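Working notes for the structure below.
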Amino acid sequence: MGRNDRPEISAPPEIFYNEDEARKYSENSRVVSIQTQLTERALELLALPDDGEPKLLLDLGCGSGLSGEALTERGHVWLGLDISKAMLDVAAEREVEGDLCLHDLGHGLPIRPGTVDGAISISAVQWLCNADTSKNDPRKRLRRFFETLYACLAKGARAVLQVYPANTEQAAMMTNAAMRAGFSGGLVVDFPHSTRAKKYFLVLMVGGTAALPQARGMDGGEPEDEEDEVYVGHRKTKRRKHGHGDKDSKRDWIVRKKQQQRTRGYTNIKPDSKYTGRKRKDRF
Amino acid sequence: MKLLTHNMLQCHIKGVKNGYPLKIEAEKVEEREQDYEPDFLRHIFPRINWDALREGAAAMGIDDLPESASEELLEDDEFLKKFHHALLEVHLEEGALVCPETGRKFPVSDGIPNLLLQEDEC
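Going down the list, the protein sequences come from chains A and B.
Going by this note's numbering, the first sequence opens with residue 660, and the numbers climb by one from there.
Going by this note's numbering, the second sequence opens with residue 105, and the numbers climb by one from there.
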C-alpha cells in the first residue's frame, strides 16, 4: 500500500488490521512513537483534575494497547475496546494492564451510564464514517456511538478523539453527530498550516461550558521534533501538479525541461533561441 | 477480564431493558497480582454496583465479600484489601457473559470478551 492511500478505503477495520498490520504496532518504532505522542497530547486535552487520583478511562479503538500503556504510565485504570482480534491478541501478548474487549464502536458502547471519568481514542473514529457493507449506515453508527459515549461518561468528563477525517465533510459529519448527542466542544486542529503534522482532535465535553483548549502550531510553525513529522495513517498529501494548465505553453515546457537537464549536468543541451519550440514548416 | 470491567458492562442489544448485570459462566479463572491503590478504590466505590460485584465474585469462586457495603467501610483496610482483590486481581480467562434478559451469550476467550453483535441485534 502506498503512503498516500488511506487504510479506511482499503478494507473494513476488522480485516485491515490483520496479524501483519498488528505486528507493526508493536515492532515498528516509528509507529510506536507516533501513537505514544498522540496519546500524550490527547491526555493533555483531556485535562483530568491534577489530584494524583487514578481515574477509570476508556480507550476506544485501543488496538495493540500502545495508547493504553501511556495511560498506565500515568497510573490510570483503563478499559480498551477494539474491533480487530489480531490487534487485541498483540495487546494481550504484551500483557497490558487494562482490560480488553472485542467490540464494534458503531454498535454503541456496552457501558453502564455515568461510570467512566473520561475517554480517549487514537486514530479510530474515522472508521465509523465508512460504509463497508450494505447494512452499514455511517450516520446511524456515528449516532449510536456518540449517544452511548455521552451516556457512559460521568458528569463533567471529557472525551478526546484523535481522528483522520478524509475531507471537511467527514470532519463536519463527526462533529455534528457529537453535538447532536448533546456534547459541547469541537474540533481542535494542531499545526493547521502543515500538511503532514496536522492533527485533528475532537474534544467533547459533557455539560459545563469550558472553552476549547488552544491548538498547537497556530503561528504556522512546524513541530520542532523531526519525529513529529507524521505520516502514519497515510494522510492524503496534496499531489504536486505537473504543468500549469493553460498558462504553460509548449515552448515554456520545452525551455523548462531543457533547463532541468542543464541543472542535472547534461552538457549537450542546445541553447534557447527564438526558434526553440517552433513548429516546423509543413513542407519539411 | 476483571470484575471491574464486568461491573461496567451491560448488554447493548437493541430493545433490551434489563441488560445488567451480565451473568458470568466461568470456566477458567486466574488471579494476577495488582498494585494496591486505596485512592482508586475509594474513587471508584460510589460507581460500583455492589450486588453485581458480589454476584460476579461468587460466580468466580470468591465469597468473602460482605452482603452490603457503605462509605464507612472504606476506612477499613481489611475490607479494602478484599474489595481490591475481587475488583482487580481476579480475572475471567475462559467462559461466557450471559445477558439476563435475552440469554444471549458473549463468549470470553483468553480473557477477552467478544461483544460483537449481529446486524439484526443492533
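Each residue gets a CB set at the ideal place from its N, CA and C atoms; glycine is no exception.
Just so you know, these numbers come straight off a predicted model, no measurement behind them.
Closer than 9 Å at the beta carbon, the chain B residues around residue i
{"i": "residue 715 (chain A)", "result": "108, 112, 144, 147, 148 and 151"}
{"i": "residue 751 (chain A)", "result": "214, 215 and 216"}
{"i": "residue 822 (chain A)", "result": "The premise fails here: residue 822 (chain A) is roughly 22 Å from chain B at the closest Cβ pair, so nothing lies under 9 Å."}
Cutoff 9 Å: residue i Cβ touching any chain B Cβ
{"i": "residue 769 (chain A)", "result": "yes"}
{"i": "residue 678 (chain A)", "result": "no"}
{"i": "residue 763 (chain A)", "result": "yes"}
{"i": "residue 718 (chain A)", "result": "no"}
{"i": "residue 802 (chain A)", "result": "no"}
{"i": "residue 747 (chain A)", "result": "yes"}
{"i": "residue 891 (chain A)", "result": "With a pLDDT of only 42 at residue 891 (chain A), under the threshold of 50, the placement of this residue in the model should not be trusted; the figure read from the coordinates follows. For residue 891 (chain A), the answer is no, since every Cβ of chain B falls outside 9 Å of its Cβ."}
{"i": "residue 887 (chain A)", "result": "Only weak support is given to the placement of residue 887 (chain A): the predicted model assigns it a pLDDT of 40, under 50, and the value that follows is read from those uncertain coordinates. With 9 Å as the cut-off, residue 887 (chain A) does not count as an interface residue toward chain B."}
{"i": "residue 608 (chain A)", "result": "What the structure shows of chain A is the stretch from 660 to 943, and residue 608 (chain A) is not part of that stretch, so it cannot be assessed."}
{"i": "residue 896 (chain A)", "result": "Any reading at residue 896 (chain A) is ruled out, since the residue's pLDDT is 47, under 50, leaving its predicted position unreliable."}
{"i": "residue 916 (chain A)", "result": "no"}
{"i": "residue 814 (chain A)", "result": "no"}
{"i": "residue 844 (chain A)", "result": "no"}
{"i": "residue 744 (chain A)", "result": "yes"}
{"i": "residue 660 (chain A)", "result": "At residue 660 (chain A), the pLDDT of 47 sits below 50, so the modelled position is not reliable and the matter cannot be decided from this model."}
{"i": "residue 724 (chain A)", "result": "no"}
{"i": "residue 734 (chain A)", "result": "yes"}
7 Å Cβ cut-off: residues of chain B touching residue i
{"i": "residue 774 (chain A)", "result": "112 and 151"}
{"i": "residue 758 (chain A)", "result": "105, 106 and 109"}
{"i": "residue 755 (chain A)", "result": "Neighbours of residue 755 (chain A) on chain B: none; closest Cβ ~11 Å, over 7 Å."}
Contacts of residue i in chain A (Cβ-Cβ under 8 Å)
{"i": "residue 116 (chain B)", "result": "766, 767, 768, 769 and 807"}
{"i": "residue 175 (chain B)", "result": "Per Cβ cutoff of 8 Å: no residues; residue 175 (chain B) is ~16 Å from chain A at best."}
Chain B contact residues for residue i, given Cβ-Cβ distances below 8 Å
{"i": "residue 712 (chain A)", "result": "143, 144 and 147"}
{"i": "residue 697 (chain A)", "result": "What residue 697 (chain A) touches in chain B: nothing, since even the nearest Cβ is about 24 Å away."}
Partner residues on chain A for residue i, Cβ-Cβ distance less than 9 Å
{"i": "residue 219 (chain B)", "result": "740, 760, 761, 762, 763, 766 and 769"}
Residue-chain proximity (residue i, chain A), Cβ-Cβ < 9 Å
{"i": "residue 193 (chain B)", "result": "no"}
{"i": "residue 223 (chain B)", "result": "yes"}
Terminal residues of the alpha helix (DSSP H) in which residue i lies
{"i": "residue 116 (chain B)", "result": "Careful: residue 116 (chain B) lies outside any alpha helix (DSSP H) and carries neither H nor E."}
{"i": "residue 913 (chain A)", "result": "909-922"}
{"i": "residue 163 (chain B)", "result": "154-163"}
{"i": "residue 699 (chain A)", "result": "688-705"}
{"i": "residue 668 (chain A)", "result": "Run containing residue 668 (chain A): none; DSSP gives neither H nor E here."}
{"i": "residue 727 (chain A)", "result": "725-732"}
{"i": "residue 736 (chain A)", "result": "Counting along the chain, residue 736 (chain A) falls outside any alpha helix (DSSP H), though it belongs to the beta strand (DSSP E) covering 736-741."}
{"i": "residue 827 (chain A)", "result": "827-839"}
{"i": "residue 142 (chain B)", "result": "142-148"}
{"i": "residue 184 (chain B)", "result": "181-188"}
Enclosing beta strand (DSSP E) for residue i [first to last residue]
{"i": "residue 129 (chain B)", "result": "127-135"}
{"i": "residue 863 (chain A)", "result": "858-864"}
{"i": "residue 817 (chain A)", "result": "812-822"}
{"i": "residue 213 (chain B)", "result": "209-213"}
{"i": "residue 195 (chain B)", "result": "194-202"}
{"i": "residue 758 (chain A)", "result": "758-761"}
{"i": "residue 844 (chain A)", "result": "843-849"}
{"i": "residue 120 (chain B)", "result": "Note, residue 120 (chain B): premise wrong, no beta strand (DSSP E); not H, not E."}
{"i": "residue 778 (chain A)", "result": "775-781"}
{"i": "residue 718 (chain A)", "result": "715-719"}
Expected contact under 8 Å - CB spacing of residue i and residue j to nearest Å
{"i": "residue 201 (chain B)", "j": "residue 210 (chain B)", "result": "4 Å"}
{"i": "residue 726 (chain A)", "j": "residue 676 (chain A)", "result": "In fact, because the Cβ distance is near 14 Å, the residues do not count as touching under 8 Å."}
{"i": "residue 145 (chain B)", "j": "residue 107 (chain B)", "result": "Between residue 107 (chain B) and residue 145 (chain B) the Cβ distance is about 13 Å, and since that is not below 8 Å, they are no contact."}
{"i": "residue 122 (chain B)", "j": "residue 204 (chain B)", "result": "6 Å"}
{"i": "residue 697 (chain A)", "j": "residue 873 (chain A)", "result": "Their Cβ separation, rounded to whole angstroms, is 17 Å, which puts residue 697 (chain A) and residue 873 (chain A) out of contact at 8 Å."}
{"i": "residue 759 (chain A)", "j": "residue 739 (chain A)", "result": "5 Å"}
{"i": "residue 130 (chain B)", "j": "residue 164 (chain B)", "result": "5 Å"}
{"i": "residue 779 (chain A)", "j": "residue 716 (chain A)", "result": "7 Å"}
{"i": "residue 847 (chain A)", "j": "residue 871 (chain A)", "result": "6 Å"}
Interface positions of the segment 121-141 of chain B facing chain A (Cβ-Cβ less than 7 Å), listed along the chain: Under the 7 Å Cβ criterion, the segment 121-141 of chain B contributes 124 and 141.
Against chain E: residues of the segment 194-206 of chain B by CB proximity under 7 Å: Judged by its chain identifiers, the structure shown contains no chain E, and its protein chains are A and B.
Interface positions of the segment 778-802 of chain A facing chain B (Cβ-Cβ less than 7 Å), listed along the chain: Going along the segment 778-802 of chain A in chain order, one finds 794 with a Cβ nearer than 7 Å to chain B.
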